[in-house]
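Visitor: Numbering (UniProt numbering), first residue to last: 1 to 768.
Before we start, here is the structure in question, set down as structure tokens.
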């Protein structure tokens, strides 16, 4: 019997963005009759098929997928060929890509889930025990002929596509087979670049201000007229005292839309720890940069930004830098949307420094006293370079942008990081040491139960009452004050939480922070010399010269060697400024001086040769070592910045290209292959999952991490729509370290050890 082979429709990209692929032109109901999508459809059969052959059922945890499985090298197994069994209509002879016609998305979804989602979590994974086979009607036969969709990967992609189509309001659809069997690396990259960034993008408008201001992490609390304590999600925005235009703008939205219940508050000029504590029960969103609308003098245009995802729905500090690295990779002269996003995030940081006096942990009121690792100068440099690359006529605009960013960075440097309490004057190094008092309000409700229990028992009151009285300074507990000082400092560091920092963060001159400040000093000197004629006048009356900043950088480099470098261990350690000794905890932040250029050639050589191996695991570099972490138990639980967990940021800074310094080559491609293989394996086996953190230990299910507040990005129905910000960026960045051969091998799920073992001598040179 002949098989009609028809190529997929030439006018519809089988890998198009959802808004195009499921748009009106591809809707069988709405499309013109003359189009391929508009042909009359009769019916489609979509039913699970269970094999009646004598082939035994495979084991429960299997990867029934088009992606081949490559096992680790081992002794060959004896293979006895059995008799071939004819599968009848399931034996497929199509070689050209096909299209499926699905007459009822709801019915197909129901049957797919009933057959394949055996653990009822609205995902199809290798842990489901269904037959891994589903028949769909073909588009060329108007649904009369059927073809098979087989394997976990294709079936989970089918679930994702059906879910997306339904969310676009579609009742029926034509679906390209190529979309289901797409190479996993290509699919993951396409989703990150084409869908995830869009889903994570935020921009305040009158239409969405209520949703943007609403905070899911904390409730508004007040006492009503009858004396009852009422808790509701707040819908509040705080505006700086010196932005009356923004105050008028948000008040007009409030007045024109009373149903929103929007509360607009103006911040005072002075915002100390006591003021921040006083508004903890009235939390709100902090306004960000907005410019006058040239077409409407009564309107403001707010700068966009990208959020991490999950419960983190604000502009976060160093998350934003990591995401900018990923966003800029897709910028071309014809595609500059991501460049505008990256610049918007940088403009928002400049705004935060001017109006909130620091780059904030995030733009919520309870973060007003807390900063995050400073990356502004490198963000500004990358955006400046990328803009001139794709738009060479933008020199004047970008010079102004770079000047404003440099002035903001100088202000941040002088007033935040190199000022008491963050500056340790004896060592000349800086610590994370935020302002604030009381119990941090944004944490999970049970987060501090174990810490507070002794005090609750001491006073014989409820925990809620103790927190209330302690926050109001009615109860004085110096030891608890110290604990929360360090807890806030851990959160300011971005490494929340880790045993490396617990109980001492505010007194540690950390390797990461001082590497970043060295980078500030070097960058500012370079900007002034290269772009501003050798001097830069500031609004506060000083004239900055590059020689002064080069002198600061040279002195910090000396101080880092004196206090942070350990010659015997060939590693950088944090320094405890109170105990006056190194905190000998092995952290991947030890590689940040390589990125910043603060390590000498000798230090870099010893660090790479003697310490790099301590952080290498099956899934790439890990944030800390087992020797430093120690044992975990019910009384000493796992932390998300400890082995076996890897977040998508700290190792990436060490992986990024060092500044212009003759440093030894580090095997970035090896780390990248291991990291991307692990992420892709989870993506293929677990319904397209992309999460905040991964378990990098060999043999683990990568995305199943039980540490602290869970794993953002794992809890979805049908299809992942966001991933997680800096992990999305990490995947795109990792691909840049690998060649096409490695991309294809990851797409085929070739394990790292197999891949490296089968490289030719010339190929191995790329991974050494």
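Heads up, the beta-carbon is just placed ideally off N, CA and C, and yes, glycines get one too.
Examine the Cβ distances between the stretch 669-678 and the stretch 278-291 and report whether three or more of them are shorter than 8 Å.
Guide: no
Visitor: Note down, in chain order, each residue of its chain lying with its Cβ closer than 7 Å to the Cβ of residue 434, except the 5 sequence neighbours on either side.
Guide: 369, 370, 371, 488, 489 and 492
Visitor: Quick one: is residue 241 buried, meaning 16 or more other Cβ sit within 10 Å of its Cβ, or exposed?
Guide: exposed
Visitor: Alpha carbon to alpha carbon, what distance is there between residue 548 and residue 787?
Guide: Outside the modelled stretch of the chain, which goes from 1 to 768, sits residue 787, for which no answer is possible.
Visitor: How about the stretch 687-700 and the stretch 130-145: do they share at least three Cβ pairs that are nearer than 8 Å?
Guide: no
Visitor: Measuring only between beta-carbons, confirm whether residue 696 sits less than 8 Å from chain C.
Guide: Absence of chain C from the displayed structure is noted, only one protein chain being present.
Visitor: So, at 7 Å on beta carbons, what are the nonlocal neighbours of residue 700 in its own chain, with the 5 sequence-adjacent residues on each side left out?
Guide: 644
Visitor: Tell me which residue opens and which closes the alpha helix (DSSP H) that residue 346 is part of.
Guide: 337-356
Visitor: Kindly identify the DSSP beta-bridge partner or partners of residue 537.
Guide: 543
Visitor: Can you name the start and end residues of the beta strand (DSSP E) that residue 329 belongs to?
Guide: Following the DSSP letters along the chain, one finds residue 329 in no beta strand (DSSP E), marked with neither H nor E.
Visitor: Give me the Cα-Cα distance between residue 190 and residue 765, rounded to the nearest whole angstrom.
Guide: Straight-line Cα distance between these residues: approximately 30 Å.
Visitor: State the Cα-Cα distance for the pair residue 307 and residue 198, rounded to the nearest angstrom.
Guide: 10 Å
Visitor: Is it buried or exposed for residue 125, if we count other Cβ within 10 angstroms and need 16 for buried?
Guide: buried
Visitor: Within the continuous alpha helix (DSSP H) that includes residue 481, where are the two ends?
Guide: Per DSSP, residue 481 belongs to the alpha helix (DSSP H) from 478-493.
Visitor: With a threshold of 7 Å (Cβ to nearest heavy atom), would residue 689 be considered close to the ligand GDP?
Guide: The ligand GDP is not among the ligands present in this structure, which contains no ligands whatsoever.
Visitor: Pull up the CB-CB distance for residue 623 and residue 641, whole angstroms please, since I reckon it's below 8 Å.
Guide: Contact flag correct, Cβ pair sits at about 5 Å.
Visitor: Reducing DSSP to helix, strand and coil, say where residue 413 ends up.
Guide: Correct three-state label for residue 413: helix.
Visitor: Where does residue 673 sit, in a helix, a strand or coil, going by DSSP?
Guide: helix
Visitor: Is DSSP giving residue 177 helix, strand or coil here?
Guide: helix
Visitor: Within 10 angstroms of its Cβ, does residue 613 collect 16 or more other Cβ (buried), or is it exposed?
Guide: Burial state of residue 613 is exposed, judged by a 10 Å Cβ sphere holding fewer than 16 other Cβ atoms.
Visitor: Express the C-alpha separation of residue 183 and residue 431 in angstroms, rounding to a whole number.
Guide: 45 Å
Visitor: Is it the case that the Cβ atoms of residue 161 and residue 179 are separated by a distance below 8 Å?
Guide: yes
Visitor: Across which residues does DSSP place residue 100 in a beta bridge pair?
Guide: The partner list for residue 100 (beta bridge, DSSP) reads 138 and 175.
Visitor: Between the Cα of residue 446 and those of 386, 709, 229 and 213, spot the shortest distance and give me the residue it belongs to.
Guide: 709
Visitor: For the stretch 539-604, which segments carrying the beta strand (DSSP E) assignment without a break, of at least 3 residues, lie completely within its bounds, in sequence order?
Guide: 574-576 and 581-583
Visitor: Which of the three DSSP states, helix, strand or coil, is assigned to residue 747?
Guide: helix
Visitor: In the structure shown, what three-state DSSP assignment does residue 292 receive?
Guide: strand
Visitor: Note down the Cα distance separating residue 504 from residue 633, rounded to an integer number of angstroms.
Guide: 21 Å
Visitor: According to DSSP, is residue 618 helix, strand or coil?
Guide: coil
Visitor: On the DSSP bridge assignment, give the partners of residue 146 in chain order.
Guide: 137
Visitor: So the alpha helix (DSSP H) residue 496 belongs to, where does it begin and stop?
Guide: From DSSP, residue 496 is part of no alpha helix (DSSP H); its letter is neither H nor E.
Visitor: Determine the direct distance from the alpha carbon of residue 321 to that of residue 408, and round the result to whole angstroms.
Guide: 16 Å
Visitor: So residue 314 packs on residue 363, CB below 8 Å; how close in whole Å?
Guide: 5 Å
Visitor: Near residue 399, what residues of its chain come up, given a Cβ to Cβ distance below 7 Å and the 5 sequence neighbours on each side ignored?
Guide: 531
Visitor: Determine the direct distance from the alpha carbon of residue 706 to that of residue 449, and round the result to whole angstroms.
Guide: 18 Å
Visitor: What do you reckon, are the CB atoms on residue 119 and residue 127 nearer than 8 Å?
Guide: yes
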